[in-house]
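Before any comments, here is the structure.
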Amino acid sequence: MSSRETLQRKDREAAEGKPLSKGGRLFQRAEITRRPGSEEKYDQLIQENQLLFTVDLVKEMLSEAYKAASEPEMASLITEVMEVCYASENEHLQWFGRLMDRHFEGIIAYATYRISNGQIEGINNKIKTLRRQGYGYPDDEYFFLKLFDMSRKTYVRNPPSHRIYD
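Counting the sequence shown from 1 gives a position; the numbering used here is that position plus 1293.
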């Protein structure tokens, strides 16, 4: 379910011969390059499968809706997405339409505020990780102190385990 731009980028990279994986002599691995025809293959798949076509249409409509600059514009685009979901005979798409209907106000508020809950979800994951790692903390106060300490530290994703070069 890649976007059209991603499929076109993949085809460009295949034409340029850009490797997906570099080979190596140590494990006798050959270099792997991208095969052309991603966009063509996806178009053929969509023509053969009506449900996949509908899901692709919903995906494209949602991506356009989230680019809307105002709430009324986004509301009309999201309403069109819900109508497509309701018109489909697929129970999962109809469920998705009902879900968007229940959260309609929050969804269109994104057009005004451009805020997502990604940061809150990240903090929740940090709390869960700390709670799992800290099995056996003496009391809740110590756990909250650990939370405060964790929130002050900067996070480095995949820190180097050792330094070879200085």
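Think of the CB as a built atom: it goes at the ideal place given N, C-alpha and C, for glycine as much as any other residue.
Does residue i pass the burial test, meaning 16 or more other C-beta atoms within 10 Å, or should it be called exposed?
i     : result
G1390 : buried
L1338 : exposed
K1421 : exposed
L1392 : exposed
M1294 : exposed
A1323 : exposed
Apart from the five residues on each side of it in sequence, which residues of its chain come closer than 8 Å, Cβ to Cβ, to residue i?
i     : result
R1328 : A1307
I1325 : P1312, L1313, S1314, G1316
Y1430 : F1436, K1439
Give the C-beta separation of residue i and residue j to the nearest angstrom, bearing in mind that I take them to be a contact with Cβ-Cβ under 8 Å.
i     : j     : result
V1374 : V1351 : 6 Å
E1333 : Q1301 : In fact, because the Cβ distance is near 11 Å, the residues do not count as touching under 8 Å.
Can you give me the C-alpha to C-alpha distance between residue i and residue j, rounded to a whole angstrom?
i     : j     : result
K1439 : Y1428 : 13 Å
Q1426 : S1444 : 16 Å
D1394 : I1401 : 11 Å
L1370 : A1404 : 11 Å
G1330 : L1423 : 46 Å
*asked:* Under 8 Å: do the segment 1376–1387 and the segment 1355–1364 share three or more Cβ pairs, one atom per stretch?
replied: no
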